[in-house]
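Under the working numbering, think of the first position of the sequence shown as -19, with each following residue one higher. See structure below.
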Amino acid sequence: MQLLTEVQECISLMDKELKHFVEALLMLDWVHRNSEIVKKFQEFLLNLLSAHNYYTKSALEKLMPIFKSVGFEEEWTNGVSTKKEVFVFDHAHAVLRVLLQVMPMACDVLVQVVVKHFPYLRRSSHEHECFIYNMLKITEYQPKLRLEFLLIIFKRLVSLDVYAPKEEVLEQEEVEECFEMDVEEAEVNEEAAQSQRVGMKHPIANNLDISMVQVFMYLRSECHDGDGQLDWERTKRLYHDLVTVFEQVVLSTHATHHVQFLLFYICSFKVTLAETFLNFLWHKVVSPNVPSIVRQSAIMYMGSLLCRASYINISMLKASISEMSTWIHKYISSQDGLEYINSDVRVHCVFYTVCQTLFYVIAFRHCDLVHTKKNLTFLQSLNLTKMVTCRLNPLKVCLPVVAQNFAAVTRTYQLAYCYSVLQHNARYSMPVIHQDKGCAVTRESTLLDTFFPFDPFILC
């Protein structure tokens, strides 16, 4: 206390020549002290930065280790921070809050510092959960930073997801020790949330799991008031930020297995969000200015959401199927007038992916779609026979499991007869060989490169 009081009188002298002395002062252990000392340090810091703003970056960097951990190594139970750690974090946030209010330009520096100090992939899971918890805490008093912080967090989550392949995680986990999320319900299982969570054996998967828990909890608290009622205005704002992050980070990343469930979760809060998300994805699919790989990814997300989310009602399901069907028939018509059709998968990759998605959705949700005569008539109006028998022959590139299930459903309800096409494809299946400009010869698979983004969630 005495030191902080005395240095206040010398702040004007603390120019760049006294840099090391200033940095030593910034490293004082003040966060574990009482509120009086915290207030004194806050006063000193604000006076220092007002007089010498070139110390802003150093001051912010000295706060970052506090947000990673404060001497505790154990993971939080069910993602809930301990009182001792929150006590310390709150002291750091009190200083940072006032600093950002007095020096708005420090926000740009803070973003740079956060990126630099984000825990590496293989750092402890507790460091990850502390840092993400505190990043999200900052957005409560600096909401303009939320989008940038969410982008930073999602980029790290995607990196963790990519470095924790589903096959590796499943190999290291025993089935009875892993709580499998019921993706059809789209709600956090309250009973499981009350029980002691068991960590993942795969270290990076455990970091991903711990980190995602913090984001799930943030989504829940940010979108609901104290009584658990949905705050629609706040939810809409957060949803738009998440879709922006999804578009920039997740959609263009191939075969992530878990991060996308954050969008799945927030869409479960209200059917309007799910409908808006489906419209967003479909707009990507039909936009010719979007790269083909992104269009394919968008339709796969759309199909998986239609199949796995129980909050997708029958009217939304039928509307999406109708959009896909109309687009497919228009594409077929555009090719029918051509004398020669190049059925190369690479040329018509979006068409083939939309076809496979439609077949997948019909096969997966057929029980809902044949439940009434009206719905069955709707399926008959799709003219599925024309799709499977057109010259582009979409069944030849579909995953066998999708093609077989679709064929079984359509035969049962007399919607199309696919088995003759499948048998023909099996008889005349030939490897596809390509030669590039360098005369290198490659053998290409005739099947689509497919993934189902909302297949069962395997983290704890």
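Ideal Cβ placement from N, Cα and C applies to all residues, glycine included.
*Among residues of its own chain, excluding the 5 on either side of residue 252, which ones have a beta-carbon nearer than 7 Å to its beta-carbon?*
Residue mapping note: residue 252 aligns to position 272 of the sequence shown, counting from 1. Closer than 7 Å at Cβ, skipping near neighbours: no residue.
*May I have the straight-line CA-CA distance separating residue 108 from residue 214, to the nearest angstrom?*
Taking the first residue of the sequence shown as 1, we reach residue 108 at position 128. Taking the first residue of the sequence shown as 1, we reach residue 214 at position 234. Going by the C-alpha atoms only, they are around 26 Å apart.
*With DSSP as the reference, label residue 379 as helix, strand or coil.*
Here residue 379 is taken as the residue at index 399 of the sequence shown, counted from 1. If DSSP states are grouped into helix, strand and coil, residue 379 belongs with coil.
*asked:* With H, G and I counted as helix, E and B as strand and the rest as coil, what does DSSP make of residue 437?
replied: Along the sequence shown, one-based indexing puts residue 437 at 457. Three-state DSSP puts residue 437 in a strand.
*Roughly how many whole angstroms lie between the Cα atoms of residue 351 and residue 269?*
On the sequence shown, residue 351 is found 371 positions in, with the first residue counted as 1. On the sequence shown, residue 269 is found 289 positions in, with the first residue counted as 1. Using only the alpha carbons, I get a separation of about 39 Å.
*Buried or exposed (CB count within 10 angstroms, at least 16 for buried), residue 406*: Here residue 406 refers to the residue found at position 426 of the sequence shown. Its Cβ having fewer than 16 others within 10 Å, residue 406 is exposed.
_Status (buried if at least 16 other CB within 10 Å, exposed otherwise) for residue 448_ = Because residue 448 is not part of the residues shown, which for the chain are -19 to 440, the question remains open.
*Enumerate in chain order the residues of its own chain whose CB-to-CB distance from residue 282 is below 8 Å, with the five nearest sequence positions on each side excluded.*
Walking along the sequence shown from the start, residue 282 turns up at place 302. Sequence-distant Cβ neighbours of residue 282 in its own chain, meaning closer than 8 Å and more than five residues away, are 258, 261, 262, 265, 300, 337.
_residue 21 to residue 47 span [Cα, whole Å]_ = As a position in the sequence shown, residue 21 is number 41, starting the count at 1. As a position in the sequence shown, residue 47 is number 67, starting the count at 1. Their backbone Cα atoms lie some 17 Å apart in a straight line.
*To which residues of the same chain is residue 272 closer than 7 Å at the C-beta, ignoring the five residues directly before and after it?*
On the sequence shown, position 292 is the one that residue 272 refers to. Only residues of its own chain outside the window of five on either side were considered, and among them 329, 330 have a CB closer than 7 Å to the CB of residue 272, listed in chain order.
*Cβ contact check for the stretch 104 to 122 and the stretch 143 to 155: 3 or more pairs under 8 Å*: No contact exists between the stretch 104 to 122 and the stretch 143 to 155.
*Could you tell me whether the stretch 342 to 349 touches the stretch 308 to 318, using the rule of 3 or more Cβ pairs below 8 Å?*
no
*Leaving out five residues before and five after residue 362 in sequence, what residues of the same chain have Cβ atoms less than 6 Å from its Cβ?*
For this step, residue 362 is matched to residue 382 along the sequence shown. Once the five neighbours on either side are set aside, the close Cβ partners of residue 362 are 305.
*Limits of the unbroken alpha helix (DSSP H) element including residue 283*: By one-based count along the sequence shown, residue 283 stands at place 303. Its alpha helix (DSSP H) spans residues 272 to 288.
*What residue does the alpha helix (DSSP H) around residue 431 start on, and which one ends it?*
The count along the sequence shown starts at 1 and reaches residue 431 at position 451. From DSSP, residue 431 is part of no alpha helix (DSSP H); its letter is neither H nor E.
_Sequence-distant residues of the same chain with beta carbon closer than 6 Å to residue 432, five excluded per side_ = Working through the sequence shown from its first residue, we reach residue 432 at position 452. Taking residue 432 as the centre and dropping the five residues before and after it, the same chain places the C-beta of 284 closer than 6 Å to its C-beta, in chain order.
*For residue 357, is the classification buried or exposed, using 16 other Cβ atoms within 10 angstroms of its Cβ as the cut-off for buried?*
Within the sequence shown, numbered from 1, the residue matching residue 357 stands at position 377. Residue 357 should be labelled exposed.
*Starting from the Cα of residue 242, find the closest Cα among -13, 24, 434 and give me that residue.*
Position 262 of the sequence shown, counted from the first residue, corresponds to residue 242. For residue 242, the nearest C-alpha among the options comes from 434.
*Out of 152, 364, 97, point me to the one whose CA is closest to residue 129's CA.*
The residue labelled residue 129 in the question sits at position 149 within the sequence shown. The candidate whose alpha carbon is nearest that of residue 129 is 97.
*Would you identify the three-state DSSP class for residue 106, choosing helix, strand or coil?*
As a first step, residue 106 is located in the sequence shown; it is residue number 126 there, counting from the start. If DSSP states are grouped into helix, strand and coil, residue 106 belongs with the helices.
_Let me confirm a value: residue 51 is counted as buried when at least 16 other C-beta atoms fall within 10 Å, else exposed. Which label applies?_
Here residue 51 is taken as the residue at index 71 of the sequence shown, counted from 1. So residue 51 counts as exposed.
*CA nearest to the CA of residue 372, picked from 80, 393, 332*: For the purposes of this step, residue 372 is identified with residue 392 of the sequence shown, where counting begins at 1. Among 80, 393, 332, the Cα nearest to that of residue 372 is on 332.
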